[in-house]
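All remarks here apply to the structure that follows.
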Amino acid sequence: AATKLASAEKLMYFCTDQLGLEQDFEQKQMPDGKLPVDGFLLCVDVSRGMNRNFDEQLKFVSNLYNQLAKTKKPVVVVLTKCDEGVERYIRDAHAFALGKKNLQVVETSARSNVNVELAFSTLVQLVDKSRGKAKIIPYFEALKQQSQQIAAAKDKYEWLVSRIVKSHHEVWANVSRKMQPAPEYQDYVYLEGTLKAKKLFLQHVQRLKQEHIERRRKVYLAKLPQALDALVPDLDEIDHLSRAKAEKLLEAKPDFLKWFVVLEETPWDATSHVDNVDNERIPFDLLETPAAEQLYEAHLEKLRDERKRAEMRRAFRENLESSPFVTPGKPWEEARSFIMNEDFYLWLEESVYMDIYGKHQKQLIDRAKEDFQELLLEYSELFYELELDAKPSKEKMGVIQEVLGEEQRFKALQKLQAERDALILKHIHFVYHPTKETCPSCAGCVDARVEQLLGSRFIRQHRNPLADPNVDRINLVILGKDGLARELANEIRALCTSDDKYVIEGKMYELALRPIEGNVRLPVNAFQTPTFQPHGCLCLYNSKESLSYVVESIEKSRESTVGRRDNHLAQLPLTLILVNKRGDAGGETLQSLIQQGQQIASKLQCVFLDPASAGIGYGRNINEKQIGQVLKGLLDAKRNLNLVVGSTSALKDAADAELRVVMCLMCGDPVSADEVLLPILQAQPCRPAPGGGAAV
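This is the structure:
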């Protein structure tokens with residue numbers, strides 16, 4: 005209760021961490037060792053203490069207050085530990101203060117940081133009357149305000165953390181330094197402390213990690229059905245196996261490591277593999293999870309269903325072939341009731357059966373038309389007396405139909421009368437105008453087959469128009485996906501004259517461009533067409549995907565002409581060019597693309613250009629000089645090719661060879677009688693002649 009204290013040469017303590025570690029903190033001595041006391045906080049513990057009688061404590065507090073009152077200094081009664089306070093104790097403490105003159109009471113909780121500052125500010129106001137009077141708030145009301153304040157500060161702090169922390173690899177030391185200037189961080193740390201701020205950060209990081217793991221899990225599970233389809237597509241191979249044996253079977257597959265990775269440590273989500281986003285191979289231990297087990301069972305069920313559907317399709321076809329009710333031209337609506345049963349409807353949609361029926365009908369109709377054509381040949385005497393204009397009268401048509409009417413081959417086309425009449429008229433037209441265009445055998449016509457045979461047996465001289473020094477035309481293929489080919493073609497055209505002419509070393513060339521961006525096996529994307537023979541190809545890429553597209557397209561084009569005499573695509577000059585992405589600043593990705601391009605160029609044995617470093621690429625002005633150099637390089641490469649495909653002696657032998665061909669009169673198959681000819685065209689075996697004789 006002293007109002008004057010003497011503490012000469014003593015250190016001022018401002019936190020308990022200083023005790024025993026004074027040298028690690030700022031050392032500040034009391035000014036002169038004398039300290040006047042301006043007021044007192046009289047603290048009363050209102051919690052339920054062990055072995056403590058509150059009435060005895062209150063008696064001690066009363067005696068202490070009497071001593072303090074003698075000093076004439078202001079006193080504030082502070083009820084502590086109100087978060088664990090006993091209601092009677094709090095009530096008795098208020099009654100004690102009420103019996104004293106002008107004695108104010110503040111209910112506090114240091115643990116919850118409620119009204120602690122209010123207790124000191126109330127005493128300060130009593131010491132310094134010039135200050136505004138502090139409003140004393142009851143503990144529970146203050147606790148509610150405190151909770152609301154903490155909740156609002158927590159929301160703002162969590163927002164700050166979510167905005168700054170985007171990766172689960174972040175650490176607290178780095179993030180806390182970034183957040184220190186932010187008021188959201190400062191307010192929350194002031195209210196709840198650094199430890200709770202760190203705890204919320206760790207919770208956020210853990211949440212990010214779990215979200216990342218879940219994304220990876222979804223990627224793996226989405227890929228698992230594809231892996232199972234690729235490795236175990238046969239039901240007989242796995243239907244009888246247990247899960248453990250099925251996993252061993254998967255490991256024994258040649259392509260196992262293409263789809264799966266066996267990790268040294270498990271589980272997979274606790275290893276570094278989960279962070280390797282470039283490696284999408286499925287962790288093998290993922291198969292032990294319930295979700296993967298469900299996908300495996302679904303794969304088995306799918307294979308069983310596919311087998312059953314295949315059996316239904318096969319049974320339906322057999323039903324069609326054996327049913328006497330299915331005749332050429334009979335609509336599906338009429339035949340359905342005779343050939344469908346309940347099992348068919350259980351496994352496949354009716355549209356599937358309709359498609360099978362349509363294909364079967366086409367086979368029936370084609371066979372019936374072929375048989376009817378044979379019938380017309382057998383009754384050739386019916387057509388002798390027709391006029392040369394080959395337009396029979398109704399009476400004559402009636403006679404023909406009457407004579408043929410009893411034949412089964414005539415009746416087979418009963419539901420296709422219009423087509424049957426058309427076949428008769430076509431046959432009549434052929435009888436009086438026999439040409440390969442009117443021949444009922446169409447592509448099997450002897451005249452057409454002979455022309456094909458002769459056209460394919462002689463070695464022709466192929467000259468490369470670019471090898472001629474007087475050449476004035478360049479056919480250029482531009483290969484690249486996702487708009488690369490079109491954009492470069494447009495920029496090259498912009499450098500041409502109005503009539504698509506381009507000047508190379510003072511000479512004018514007609515430049516024909518063919519940009520290709522799709523599947524080169526489709527006719528619309530073929531390198532060469534009947535009207536376009538390429539002289540060179542510019543291959544563009546700006547990513548791994550577009551580079552893979554270029555390699556696959558070149559390989560497909562070369563494969564499509566293997567074994568052909570005009571296989572000049574194998575020697576087509578190529579130039580591989582790396583173009584820039586818009587906004588791409590280069591870096592490691594660009595260097596990687598350059599290295600990959602150089603490797604592919606070496607593999608394809610072609611020129612590699614990196615015009616990106618020289619300012620070329622879509623989205624920029626093309627350097628006309630560079631384009632001219634590329635075209636000149638293609639010209640030089642083409643001039644070095646052989647002018648003639650095949651040797652001079654082979655051409656002479658083919659020109660001097662005597663061609664002798666024997667024809668089968670029934671099927672029209674040409675048969676070579678000379679060793680000079682290349683292998684014979686494949687054809688169906690000869691059919692028996694009418695009347696049972698053999699066709700020669």
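The opening residue of the sequence shown carries number 5 in the numbering used here; numbering runs sequentially from there. Cβ atoms here follow ideal geometry from the backbone N, Cα and C, with glycine treated the same way. All values reported here derive from a predicted model rather than from experimental measurement.
CA-to-CA, the gap between S557 and E301 works out to about 38 angstroms. DSSP places S51 in the strand class (E or B) of the three-state scheme.
In the three-state reduction of the DSSP assignment, V555 falls in the helix class, which pools H, G and I.
From the listed residues T112, S125, D49, R167, the smallest Cα separation to P78 is found for S125.
In the structure shown, G103 adopts coil according to DSSP, grouped into three states. In the three-state scheme derived from DSSP, where H, G and I count as helix and E and B as strand, A10 is classed as strand.
A distance below 8 angstroms separates the beta carbons of S113 and Y143. As a beta-bridge residue in DSSP terms, M512 pairs with V507.
For I168, there is no enclosing beta strand (DSSP E); the residue is part of the alpha helix (DSSP H) that begins and ends at 143–168.
In the same chain as H172, and ignoring 5 residues on each side of it, the C-beta atoms closer than 7 angstroms to its own belong to V209, L212, K213, H216, in chain order. Comparing alpha carbon positions, the residue from C449, K222, R321 closest to V281 is K222.
The C-beta of A146 has 16 or more other C-beta atoms within 10 Å across all chains shown, which makes the residue buried. The continuous beta strand (DSSP E) containing R477 extends over residues 477–483.
Its chain contains L379, Y383, F414 as the residues whose beta carbon lies nearer than 7 angstroms to that of L408, once the 5 sequence neighbours on both sides are disregarded; these appear in chain order. Secondary structure at G459: helix, using DSSP grouped into helix, strand and coil.
Burial is judged here by how many other beta carbons sit within 10 angstroms of a residue's own beta carbon; P538 has at least 16 and is buried.
Taking all protein chains shown into account, F531 has 16 or more neighbouring C-beta atoms within 10 Å of its C-beta and is therefore buried.
Just so you know, the alpha carbons of D370 and T533 end up roughly 32 angstroms apart. Taking C-alpha positions only, A339 is separated from E322 by approximately 14 angstroms. Remark: C-beta atoms of F320 and Y349 do not approach each other more closely than 8 angstroms. Straight through space, the alpha carbons of V583 and L608 are spaced by roughly 19 angstroms.
Short of 8 angstroms from the beta carbon of Q31, and not among the five residues preceding or following it, lie these beta carbons of its own chain, in chain order: L15. Around the C-beta of W163, fewer than 16 other C-beta atoms lie within 10 Å, and the residue is accordingly described as exposed.
DSSP, reduced to helix, strand and coil, places Y357 within a helical segment of the structure shown. By the C-beta criterion, the stretch 447–455 is judged not to be in contact with the stretch 480–497, since fewer than 3 inter-stretch pairs fall below 8 angstroms. E111 is bridged by DSSP to L83. Annotation: I581 is outside any alpha helix (DSSP H); the continuous beta strand (DSSP E) that includes it extends over 578–582. Proximity to A574 across L45, C610, V128 peaks at C610, based on C-alpha coordinates.
A direct Cα-Cα distance of roughly 12 angstroms separates M512 from L635.
Around L62, the same chain offers V48, D96, A97, F100 as residues with beta carbons nearer than 8 angstroms, after the five sequence neighbours per side are excluded. Between L225 and A295, the CB-CB gap stays under 8 angstroms. Restricting attention to N106, E111, K76, the CA atom closest to the CA of G89 is found in E111. With respect to the C-alpha of E91, the residue from Q108, L107, F58 having the closest C-alpha is F58.
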